[in-house]
Amino acid sequence: MVSSNELGVPSTATISPSTGVARLRFQNNQSNDENEKKEQAQAIVMNASSRVHKDRNFLLIGRQAATCDVRITHKSLSRQHAVLYYEQQQNNGNDHPLLMVQDLKTKSGTWVDQVRLAPNTPTILKEGCVVQFGKAEPSFEVEYETVIPVKNGGGSNTATKQEEKEEIQDHNTEPSDGENGENDKSTVAATDIEEPMTSLTGRAARQAEIAAMMASLEEAPAYTKYQLTDKEQREESERLKQLKQQQEVPKQDDLHPMIEKYKLPFPETSSCSQTVSSESSVISSLAMDPSGSRFALAHMDSSMQLYDFAGWSSSSEATPFSNLLVSDDSHAITSVTYSPNGERFIVSTHSAQPKVFDKEGEEILQWVRGDVYVMDPAKTIGHTAAVVSVAWHAVDKSIVFSASQDGSLRVWNVDKGKLAFGMLKCQDVILLKNPRTGRRTLPTCMVMMGPSSIWLGTECGSIQRYQYPFVSKLRPQQSTMVPEAASDDDSSSAKTINKLANKEHAIRSIAVSGDGTKVAARTDKAVHVYTNSSLYRLTLSSSPLLTIPLEGDGVVDAESGASSPTMAFSPNNKTLCVGITRTVQSDEGNKKYYETRLQLYSIPKESITETKIKKKPIYSMPLVELQYPLVGLVWHPKLNQILVATTKEFQVCYSIDFSKKGMLLNLRQRTSSKRKRARGEDALQEIYTSRAPPPGTVIREEEIIAPNTLPLFGGQGNRKKKLKERQEEQYESDMARHKPQPPVKGVYNTNNTMFAQMVMDNQTAKKKQIAGMDPREALAQYSEGKSYIGKAYEGNKERILADKTVEEEEDAMNK
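In the UniProt record's numbering, the protein residues as written are 1 to 815.
Structure, rendered in structure tokens:
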């Protein structure tokens, strides 16, 4: 049993005051249901009647049923949360006793008028104070009822101020014409009973009161319909008009069950936004690493910013830890993706030559460009047009896929691939075709999901899936067409060319669920969700599982030329988040601004027909701080946080209850710094600040050079050196120390050709240099002492058969 000494309740406390009582009344939430209004009108009376344990001089509030007098079953409350009692010594002439509340050092705390109380510190509750225990809803409002002595004849009775007001109102009001005679009889009977009760005292008065109550139970009930006044009718009509004008989306106050059910990262105020400093720079793509500790923002001017959640300062401003320029020619960046281990990332631009960087922003490798004069892209060693999307293999950190506007899908091996002029050559090529007509088509976006699935979206409106390693290069393993493209499909080549030129049904974005069973494709008109499981294979005749129309007033798409997804599946694969940007006309009528909103839809288990389809989102989150068109959206599966980027801004949405790490690391830094200042651990910093020179003082800023320090502490000069300069310095240092040459690593690894290279070196070393020598003299050296005549002629001696020929002999005879 809990005693008052254990909880710190003073011995002078009481729960049965003599001058009045207090009530904790539920606050109204403007409910339209009469039953809810009656429940909200109930209150907890702070006296002995609310006490469960009779030997206490206080009321204990908490979650434990065995020890608490008032039990509130909410997860934020402690087992023994707070105590309430009256303090008679602190009355100081008031008409009512003072109600005290004391928090029992709980985690979620006790709040009075939105101010958290200090633990184990009694606080006075005044008239009208709003009390909230933890995060439980609703809150309570404090009301006092003062007991005033009333003298009637020889005895005395007590009545509250509220009862006096009710009696005065009952005497002043007259019965309406619509009331029946039974009501008049009941009121007369009640007055007849109340008149003799005023002269009774003690037990007789109590018995008379009980008899009056029993008599009232036998009477027939009477109900009077409440008539609205003119003012109330006007307010009600205006309220109904506003409800019709609003979008058919639930209010945020009613969406807490949805957030808890689907574990959405959308609390009321939990976001951090940052505007890009450069006015000429426009965000084109974004990406997050698999661990969720870093993310990258790419721009149209070929610049990039790398952010680290753990490296943010205590302020709310997001500062990148690295700024880099991808291309010297300022080619626009189209896609960014991280490797499976997060050590590297690839950036694709309009230059057809993507680059590989490490996680710190240092360039590692560049891809080769194909020959633009070769008509067949399959015969080239690289892309010949702009690369629209890149994707890293989900398991192998060496394999990378890229899709280009030359109509090809290429495979690259970053670690063991062949090089041409120091640049990486592609390993395999596939030409993309329309699954219906067989004509060449261009890819628009690509995503890699699982160890063997590559999903592509094309300009012809088809969704194609290839299995890696490639089973067939002629056609995809699975493919389908969005309903818009399938309905407008025509055998006429002219119409097909027009459709490809206009890009009416091009897939703008594609997203795949974590388990690979759901695929979502976005066009200019709608978002289509398909199922891809062992039972339902994706074919050309497949119908979408869910269709979300995007047609409406003001729906816009940011034409940045990038393939960043603007939709994402939740980590549990039950919901789909779609980013929508609309143009809204201002009240003045001469200005337009953008309104960005995240809408979440529940994914059904079976296909929904058009008659049964519900095109309403389960949750809609307006991003008030973002005032530019949406360009990218990433829902990280580990952090359960959403990174949203527009052309000029980005924002991180998270939940304190359902998210982890990421933005929560920044919040912990803020709270830890506040705790340090509260505990006095920052006193040394205050001393440094007080001794700092006044503003305007000239201070020499020179770098301290320590030769034997580590490279990390070597100063800004060493950090700004390029990779090539650092390699040259390391080479000179190794040569001075006579360090043996280490084996080759990285993309130049030639372990497989070391034996062949050794044989060739040995052969070439034996050859003599014959430059500048007479070849006839060299050949004569080899001819001395050698005979190339066969063995059949060895040992024969030369015999002269005739000195002259027949003609010579005839000429000699004629002379």
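A virtual CB, placed ideally from N, CA and C, is assigned to each residue, including glycine.
- One alpha carbon belongs to Tyr-619, the other to Gly-8, and they sit about 46 Å apart.
- Taking Gln-467 as reference, the option from Lys-433, Ser-404, Met-481 and His-393 with the minimal CA-CA separation is His-393.
- About 7 Å separates the Cβ atoms of Ser-602 and Lys-574, confirming a contact at the 8 Å cut-off.
- In the three-state reduction of the DSSP assignment, Lys-355 falls in the strand class, which pools E and B.
- In this structure, the alpha-carbon of Arg-25 lies about 15 Å from that of Asp-113.
- The bridge partners DSSP lists for Val-131 are Val-112 and Phe-140.
- The C-alpha of Val-644 lies about 17 Å from the C-alpha of Thr-319.
- In the displayed model, Asn-666 falls within a helix according to three-state DSSP.
- Counting other Cβ atoms within 10 Å of its Cβ, Met-760 stays below 16 and is therefore classed as exposed.
- Between Met-481 and the set Met-448, Ala-520 and Gln-353, the nearest pair of CA atoms involves Ala-520.
- Per the coordinates, the alpha-carbon of Tyr-86 lies some 11 Å from the alpha-carbon of Gln-102.
- Membership of Met-813 in the alpha helix (DSSP H) is indicated by the continuous run 806-814.
- DSSP places Asp-657 in no beta strand (DSSP E); its state is neither H nor E.
- The three-state reading of DSSP puts Asn-5 in helix, counting H, G and I together.
- Asp-415 sits in coil when the DSSP states are folded into three classes, being neither helix nor strand.
- Annotated as proximal: Arg-597 and Leu-623, with beta-carbon spacing under 8 Å.
- Taking the C-beta atoms as reference points, His-81 is found nearer than 8 Å to Gly-62.
- Counting along the chain, no beta strand (DSSP E) covers Leu-723; the unbroken alpha helix (DSSP H) around it starts and ends at 723-736.
- DSSP places Ala-48 outside any beta strand (DSSP E), giving it a letter other than H or E.
- According to the DSSP secondary-structure assignment, Met-446 is paired through a beta bridge with Leu-456.
- In the structure shown, Gln-585 adopts extended strand secondary structure according to DSSP, grouped into three states.
- About 11 Å separates the beta carbon of Phe-295 from that of Met-663, a gap too long to meet the 8 Å contact definition.
- Note on geometry: alpha-carbon atoms of Leu-626 and Tyr-593 lie some 10 Å from one another.
- In the three-state reduction of the DSSP assignment, Met-304 falls in the strand class, which pools E and B.
- Within the same chain, Cβ atoms closer than 7 Å to the Cβ of Ser-351 are found at Ser-327, Asp-329 and His-331, the five residues on either side in sequence being excluded.
- By DSSP's assignment, Met-773 forms no beta bridge with any residue.
- Only residues of its own chain outside the window of five on either side were considered, and among them none has a CB closer than 6 Å to the CB of Glu-686.
- Taking the Cβ atoms as the reference, Leu-125 lies roughly 5 Å from Val-142, within the contact range of under 8 Å.
- Residue state for Glu-625 is assigned as coil, using DSSP reduced to three classes.
- The Cβ-Cβ distance between Thr-349 and Ser-302 falls below 8 Å.
- Per the Cβ contact rule, the stretch 440-452 is not in contact with the stretch 415-425 (fewer than 3 Cβ pairs under 8 Å).
- Within 10 angstroms of the beta-carbon of Arg-799 lie fewer than 16 other beta-carbons, which makes it exposed.
- In this chain, the beta strand (DSSP E) harbouring Leu-365 covers 363-366.
- Between Met-446 and Leu-432 the beta-carbon gap is near 10 Å, outside 8 Å, which marks them as no contact.
- For Glu-219, the secondary structure class from DSSP, reduced to helix, strand or coil, is coil.
- In this structure, the alpha-carbon of Ala-136 lies about 20 Å from that of Leu-264.
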